[in-house]
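2 protein chains.
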Amino acid sequence: MKVKELATSAGVNPDTVRFYTREGLLKPSRNPDNNYQHYDAEDLRRLRFARKARQLGFSLIEVRQILDQADDHHSPCPLVRDVFQQRLAEVEREINELQQLHKRMKTALAAWQDMPDGTPDGHTICRLIEHWDDNTPVKQVEE
Amino acid sequence: MKVKELATSAGVNPDTVRFYTREGLLKPSRNPDNNYQHYDAEDLRRLRFARKARQLGFSLIEVRQILDQADDHHSPCPLVRDVFQQRLAEVEREINELQQLHKRMKTALAAWQDMPDGTPDGHTICRLIEHWDDNTPVKQVEE
DNA sequence: ATAAAACCTATGACCTGCTCACAGGTCAAA
DNA sequence: TTTGACCTGTGAGCAGGTCATAGGTTTTAT
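Top line first, the protein sequences correspond to chains Z and W. For the first sequence, our numbering gives the first residue as 60, with consecutive numbering after it. For the second sequence, our numbering gives the first residue as 60, with consecutive numbering after it.
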């Protein structure tokens, strides 16, 4: 397979295939006649694996570590389980944060119903945002 | 105020103040004696506004648009309301996606209990991830 | 047979929103 | 007066690609 064929098979941008190749996630052979890269079924597996892992929140570096371990005939799965657990905790944190943000946005939106737009007057930029309560501790002002 | 004072007052990194100044969000005056930037209370308001807007998911470009409108003595709030609505919808999308991801991760984790680690054998890299169902349509393979 | 379209190559810039590093100038306290 | 803490501008670095450029190759259409 050539670049675009591989990319199409995996549903990614051809440049992503080239990028992953540069980054060492894919290891195609060369056609000496025209210097084209040649990818095989194994590369397709690696690419699909990489995309799935990325969806799960694994970083490219982690993906490469896993693939390298697989190349060395070590079982990469303990590594996968480990990073997966961490990622799961992260996802839970992200959900919590987003839900809090969502709640604050809804509250703000409701409060804004009653507020006039108002042209900035030198003391305020836009009440809508300035009156947003972000729970951030405000430090001392000294001018 | 000098850079660090402003940064401390707003609870941000001094480099962020310099960065925002470069990007035109802050417009300090110069001390001709030593070429230092001089920030006033208005800059502090702008900086705090910018940080709050960033927390709400506004991009730096949007923040600058709002601040520029405020400089032109137009009311920026209709713009704020508009972008805010869009951002709210985005947050809801993100929450949904993350919740689906979370559910799939939990399911996968449960399924993995029964799977052996297994060294890669040339046909599979790591069953744990390859058996992950991502609902992604898989295209035709041609080698 | 030839010309145009569609592909390939490598390299590097661009995106976001900062953060950090560098080299050199300025200013306060000890 | 020296040391440290600050200031200046510029440029690089992060992640994970995407896009642009310039030139070579292969396929398709005329």
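Glycine included, every Cβ here is placed at the ideal spot set by N, Cα and C. Bear in mind the structure is a predicted one, so any value in this text is a computation, not a measurement.
- Contact residues of the stretch 157–176 of chain Z toward chain W are L157, Q158, L160, H161, R163, M164, K165, A167, L168, W171, M174, P175, D176 (C-beta to C-beta distance below 9 Å).
- S88 (chain Z) is bridged by DSSP to Z:H97.
- Think of a sphere of 8 Å around the beta carbon of I154 (chain W): the chain Z residues whose beta carbon falls inside it are I154, L157, Q158, H161, in chain order.
- In the DSSP annotation of this structure, the continuous segment of the alpha helix (DSSP H) that includes W171 (chain W) starts and ends at 136–171.
- Going by DSSP, E64 (chain W) is part of the alpha helix (DSSP H) stretching over 62–69.
- Shown here, D131 (chain Z) sits in coil according to DSSP, grouped into three states, outside any helix or strand.
- Between the alpha carbons of V142 (chain W) and L160 (chain W) lies a distance of about 27 Å.
- In chain order, P73 place their CB closer than 6 Å to the CB of K63 (chain Z), counting only its own chain and leaving out the 5 sequence neighbours on each side.
- Taken atom to atom, the span from the alpha-carbon of A148 (chain W) to that of I154 (chain Z) is near 15 Å.
- The beta-carbon of V150 (chain Z) is placed less than 9 Å from the nearest beta-carbon of chain W.
- Counting only the Cα atoms, E151 (chain W) lies some 52 Å from D92 (chain W).
- Legend: CB atoms of the stretch 77–94 of chain W lying less than 7 Å from CB atoms of chain Z are not found in any residue.
- Under the Cβ criterion of 9 Å, K111 (chain Z) is counted among the residues facing chain W.
- When the beta-carbon positions are compared, L138 (chain W) and L106 (chain W) stay at least 9 Å from each other.
- L126 (chain W) is not a Cβ neighbour of L157 (chain W), given a cutoff of 9 Å.
- Taking all protein chains in view, the Cβ of K165 (chain Z) is surrounded by fewer than 16 other Cβ atoms within 10 Å, so the residue is classified as exposed.
- Interface flag for I188 (chain W) against chain Z is set, since a Cβ pair is found closer than 9 Å.
- Taking a cut-off of 8 Å on C-beta distances, the stretch 94–103 of chain Z does not touch the stretch 126–136 of chain Z, as fewer than three cross pairs fall below it.
- Within chain Z, the residues whose beta carbon sits less than 9 Å from that of L147 (chain W) are H161, M164, K165, L168, listed in sequence order.
- Secondary structure of L103 (chain Z) (DSSP, three-state): helix.
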